[in-house]
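Since the structure comes first, as structure tokens, the remarks are kept for the end.
Numbering (the UniProt record's numbering), first residue to last: 1 to 96.
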């Protein structure tokens, strides 16, 4: 189940991924801890730093630049973060 998705913009391929305001908190444990552990389709775990800005925009950093480099993420790709039914983390991340 997808908790959020975003069509990647050029600015998202650098140090940060931003997701505009979502009306409910999709990652309550990450909002409390500041970290979101996600697993990709290859079983690699990525630790994303997570914060919510005052306007409600969610910002991911941490391993994000390495993830972008590893998957050659570019503007126009879609990133989907959802629940992980199997694996070593609660969340999964995919590039579409």
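Glycine included, every Cβ here is placed at the ideal spot set by N, Cα and C.
CB contact flag (residue i, residue j, <8 angstroms)
| i | j | result |
| --- | --- | --- |
| residue 5 | residue 80 | yes |
| residue 20 | residue 78 | no |
| residue 31 | residue 52 | yes |
| residue 25 | residue 92 | no |
Under the three-state DSSP convention, the category residue i falls into
| i | result |
| --- | --- |
| residue 60 | strand |
| residue 18 | strand |
| residue 13 | helix |
| residue 31 | helix |
| residue 45 | strand |
| residue 68 | helix |
| residue 25 | coil |
| residue 38 | strand |
Closest Cα partner of residue i within the set the options
| i | options | result |
| --- | --- | --- |
| residue 66 | 54, 7, 45, 2 | 45 |
| residue 3 | 84, 16, 74 | 84 |
| residue 49 | 96, 61, 18 | 61 |
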